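Take a look at the structure below.
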Amino acid sequence: MGRAINKYVIHNLLTLVLLLLLLVPVLMVLVQWLLNAGKINAISFLDRGALLLIVNSLLLSATVALLATLIGTACGFFLYKTHLKGRRLYLLLLIVPILISPYIFAVAWKDLLFLLFGSTASAFSTAGVIAVHTLIYFPLALLITGNALTNISSSLEEAGLMVTSFRKMIFKIVLPLIRPAFMSSFLLILVFSLGDFSVPAFFGIKTFTVEIFTQFSAFYNYDAAITKSLLLVGVCLILLLSEARYLSGAAFFSISTRGSNSKIYEMSGIGYVHHTSFAILIILSMLMPVFILLYQSLSGREIVIDSAWKLLKPAVFQSIKLAFWGALLISIIGLYAGYWQERLKSPFTNVLLLILFILPSTILGIAFIRFYNQPETGFIYSSLFIVLLGYIGKYGFIASRITGNGIRQIPVSLEEAAEVSGVRPVNKFIKILLPLLSPSLFVSFVLTFVLCLGELGTTIMVYPPGTELMPVKIFTISANAPQALTSSMALISLLITFFFIILFFMAGRVMFKKNSDE
Numbered sequence: 389m390g391r392a393i394n395k396y397v398i399h400n401l402l403t404l405v406l407l408l409l410l411l412v413p414v415l416m417v418l419v420q421w422l423l424n425a426g427k428i429n430a431i432s433f434l435d436r437g438a439l440l441l442i443v444n445s446l447l448l449s450a451t452v453a454l455l456a457t458l459i460g461t462a463c464g465f466f467l468y469k470t471h472l473k474g475r476r477l478y479l480l481l482l483i484v485p486i487l488i489s490p491y492i493f494a495v496a497w498k499d500l501l502f503l504l505f506g507s508t509a510s511a512f513s514t515a516g517v518i519a520v521h522t523l524i525y526f527p528l529a530l531l532i533t534g535n536a537l538t539n540i541s542s543s544l545e546e547a548g549l550m551v552t553s554f555r556k557m558i559f560k561i562v563l564p565l566i567r568p569a570f571m572s573s574f575l576l577i578l579v580f581s582l583g584d585f586s587v588p589a590f591f592g593i594k595t596f597t598v599e600i601f602t603q604f605s606a607f608y609n610y611d612a613a614i615t616k617s618l619l620l621v622g623v624c625l626i627l628l629l630s631e632a633r634y635l636s637g638a639a640f641f642s643i644s645t646r647g648s649n650s651k652i653y654e655m656s657g658i659g660y661v662h663h664t665s666f667a668i669l670i671i672l673s674m675l676m677p678v679f680i681l682l683y684q685s686l687s688g689r690e691i692v693i694d695s696a697w698k699l700l701k702p703a704v705f706q707s708i709k710l711a712f713w714g715a716l717l718i719s720i721i722g723l724y725a726g727y728w729q730e731r732l733k734s735p736f737t738n739v740l741l742l743i744l745f746i747l748p749s750t751i752l753g754i755a756f757i758r759f760y761n762q763p764e765t766g767f768i769y770s771s772l773f774i775v776l777l778g779y780i781g782k783y784g785f786i787a788s789r790i791t792g793n794g795i796r797q798i799p800v801s802l803e804e805a806a807e808v809s810g811v812r813p814v815n816k817f818i819k820i821l822l823p824l825l826s827p828s829l830f831v832s833f834v835l836t837f838v839l840c841l842g843e844l845g846t847t848i849m850v851y852p853p854g855t856e857l858m859p860v861k862i863f864t865i866s867a868n869a870p871q872a873l874t875s876s877m878a879l880i881s882l883l884i885t886f887f888f889i890i891l892f893f894m895a896g897r898v899m900f901k902k903n904s905d906e
């Protein structure tokens with residue numbers, strides 16, 4: 389009995405560490421709130437204005453989620469289920485916006501709306517938030533629903549086409565089969581939009597997340613911030629509860645679908661319409677932000693790109709270094725959680741990462757500050773390790789699902805054959821599983837590196853004094869700096885992100901082409 393318990397503890401050691409470092413701070417905030425007469429605080433701070441604010445925030449985010457899911461699902465069908473020419477290139481280009489930090493797009497679109505209307509009125513700003521969030525998050529729906537579409541057996545579609553028209557087959561067979569993916573995409577994007585701080589803050593739109601940040605950082609009203617944070621957590625949990633079992637197995641970035649028997653349709657007659665639609669999407673989601681930032685950077689009385697680089701340079705190298713270590717840690721944790729979920733059928737680590745994943749960034753930041761700003765844990769609070777913890781909490785679940793999907797596609801028979809041959813479990817893992825998982829691990833590292841490079845919501849709350857990080861630097865300077873300087877800094881940040889995306893893309897092609905040749 390004792391040996392069994394020790395073995396269980398050893399196998400779950402990393403899960404216990406994650407629980408103590410990441411989830412316990414959130415639970416402690418809840419306990420402290422309850423001990424400090426939480427019911428009275430709730431009545432005091434959750435007034436009519438607060439409830440109206442969260443309703444408005446939900447309506448804004450629901451609009452984003454609906455638009456992004458519809459666009460992503462339509463794109464997913466044509467890119468995953470048709471022989472549309474150039475579909476691989478379209479897929480690659482449309483994925484890019486999800487890799488770019490939202491605050492960069494916020495700067496660009498705010499500049500565009502000001503140039504078009506000469507105003508930053510609330511109506512234009514609200515439209516700007518909806519546009520930016522939709523263009524950033526629709527690739528997520530594209531990937532999730534696209535993966536679901538590839539898992540539909542061609543026999544079902546062919547049988548449907550024998551008895552009814554193509555349109556009826558889509559509505560009667562295909563759409564019901566991808567309903568879980570559609571709903572998961574909708575709810576996931578809803579939570580992403582609801583929990584985002586950077587874009588509404590740039591546009592000056594008062595959302596519930598911005599209000600929490602303001603109460604905590606500007607007014608030092610911790611009780612109000614924590615009370616409203618817990619309400620937002622409750623809303624997010626309720627929204628995802630019905631789809632938790634689908635979301636916990638979401639594939640996100642699917643590297644390949646081994647053994648897929650999905651039907652692919654020929655495009656004829658109206659292919660140019662789809663090419664035009666994809667071209668417009670690429671212009672809006674990627675090319676226009678670059679053009680607007682470049683235009684604003686060069687439109688001032690003097691060129692300030694050199695000044696912007698001097699201001700941003702220390703933060704750039706610090707951000708790159710921190711993003712590297714964050715991506716490395718997240719990829720290791722994702723491998724661990726994915727393996728336990730898919731092979732050992734132990735979902736606890738994955739569920740833990742899911743809970744942290746759906747927490748809005750401001751709430752995670754408040755929990756870390758309240759928990760680690762103590763004499764016993766001050767060494768964490770005053771070091772960059774607290775930023776790494778924020779990265780893990782935000783993106784660990786994504787790495788877990790990318791790796792888990794890769795493991796799911798590897799036949800268990802390969803490992804069973806090695807076990808029968810007497811191969812030790814460690815050697816089986818290193819020599820069989822890891823080489824086959826290398827594409828998934830590479831994508832996990834690249835994606836989380838780029839996301840960590842632009843993370844703002846948690847970082848701006850927990851970064852230690854004396855630390856300069858790229859997203860925080862741009863956000864803090866934008867309040868008082870000339871628009872040309874802010875746009876120049878955002879442009880530099882965007883170009884740095886593009887540089888690493890292209891670098892990793894080229895490295896991946898070389899690495900995996902070499903492996904396929906061998």
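Here the sequence shown stands for residues 389 to 906, where the numbers follow this note's numbering.
Heads up, the beta-carbon is just placed ideally off N, CA and C, and yes, glycines get one too.
Please read these numbers as outputs of a predicted model, since none were measured by experiment.
Whole-number beta carbon distance between residue j and residue i, since they are thought to touch under 8 Å
{"i": "T533", "j": "S586", "result": "Between S586 and T533 the Cβ distance is about 26 Å, and since that is not below 8 Å, they are no contact."}
{"i": "L844", "j": "P859", "result": "4 Å"}
{"i": "S617", "j": "I600", "result": "5 Å"}
{"i": "I786", "j": "G726", "result": "Not a contact, Cβ separation roughly 11 Å."}
{"i": "Q603", "j": "A589", "result": "The pair is not a contact, with the Cβ atoms about 14 Å apart (cut-off 8 Å)."}
{"i": "P852", "j": "S771", "result": "6 Å"}
{"i": "I774", "j": "V850", "result": "5 Å"}
Residue i - DSSP class collapsed to helix/strand/coil
{"i": "Y653", "result": "strand"}
{"i": "T847", "result": "helix"}
{"i": "T522", "result": "helix"}
{"i": "T461", "result": "helix"}
{"i": "T855", "result": "coil"}
{"i": "T470", "result": "strand"}
{"i": "R897", "result": "helix"}
{"i": "T664", "result": "helix"}
{"i": "I670", "result": "helix"}
{"i": "T552", "result": "coil"}
{"i": "L772", "result": "coil"}
{"i": "Q797", "result": "coil"}
{"i": "I626", "result": "helix"}
{"i": "G592", "result": "coil"}
{"i": "V417", "result": "helix"}
{"i": "I488", "result": "coil"}
{"i": "N400", "result": "coil"}
{"i": "P870", "result": "coil"}
First and last residue of the uninterrupted alpha helix (DSSP H) at residue i
{"i": "K733", "result": "Note, K733: premise wrong, no alpha helix (DSSP H); not H, not E."}
{"i": "P568", "result": "R567 to G583"}
{"i": "F599", "result": "In the sequence on display, residue 599 carries Glu and not Phe. It spans F596 to F601 - the alpha helix (DSSP H) in which E599 sits, taken as one unbroken run."}
{"i": "F756", "result": "S749 to Y760"}
{"i": "S826", "result": "L822 to G842"}
{"i": "S541", "result": "No alpha helix (DSSP H) contains S541, which DSSP labels as neither H nor E."}
{"i": "N815", "result": "P813 to K816"}
{"i": "T765", "result": "Note, T765: premise wrong, no alpha helix (DSSP H); not H, not E."}
{"i": "L686", "result": "M676 to L686"}
Reference residue i, options the options, closest by Cα
{"i": "H471", "options": "T846, H663 and L744", "result": "H663"}
{"i": "L408", "options": "A895, Y851 and L740", "result": "L740"}
{"i": "Y610", "options": "V417, P702, S543 and G622", "result": "V417"}
{"i": "Y769", "options": "G792, N793, S809 and T847", "result": "T847"}
{"i": "Q762", "options": "F526, P413, M894 and I890", "result": "P413"}
{"i": "E803", "options": "V621, A529, A515 and I820", "result": "I820"}
{"i": "M676", "options": "A456, L882, I721 and I540", "result": "L882"}
{"i": "Q729", "options": "G792, F466 and H521", "result": "G792"}
{"i": "T855", "options": "K901, I721, L530 and V704", "result": "V704"}
{"i": "L565", "options": "N535, M550 and D584", "result": "N535"}
{"i": "G548", "options": "F502, S489, A462 and K651", "result": "K651"}
{"i": "A519", "options": "A869, G474 and A453", "result": "A453"}
Neighbourhood of residue i by C-beta, 6 Å cutoff - its chain only, sequence neighbours within 5 removed
{"i": "M877", "result": "A696, L700 and I862"}
{"i": "L402", "result": "Y724"}
{"i": "V562", "result": "none"}
{"i": "F892", "result": "V834"}
{"i": "L482", "result": "P527"}
{"i": "Y400", "result": "Reading off the sequence shown, one finds Asn at residue 400, where the question assumed Tyr. Correct list: empty, nothing qualifies."}
{"i": "F888", "result": "none"}
{"i": "I459", "result": "F526"}
Closer than 7 Å to chain D by CB, residue i
{"i": "P859", "result": "Among the protein chains of the structure shown there is no chain D, as only one such chain exists."}
Chain-order list of residues whose beta-carbon lies under 7 Å from that of residue i (same chain, five-residue window excluded)
{"i": "Y779", "result": "G714, I718, C840 and E843"}
{"i": "L879", "result": "L681, L682 and S685"}
{"i": "P799", "result": "none"}
{"i": "K517", "result": "Residue identity check: residue 517 is Val in the sequence provided, not Lys. Around V517: L448, V587, P588, F591 and I593."}
{"i": "V621", "result": "L747 and I751"}
{"i": "A806", "result": "K816 and I820"}
{"i": "V598", "result": "F585, P588 and A589"}
Other residues of its chain near residue i: CB distance less than 8 Å, five sequence neighbours each side excluded
{"i": "L411", "result": "L740, I743 and L744"}
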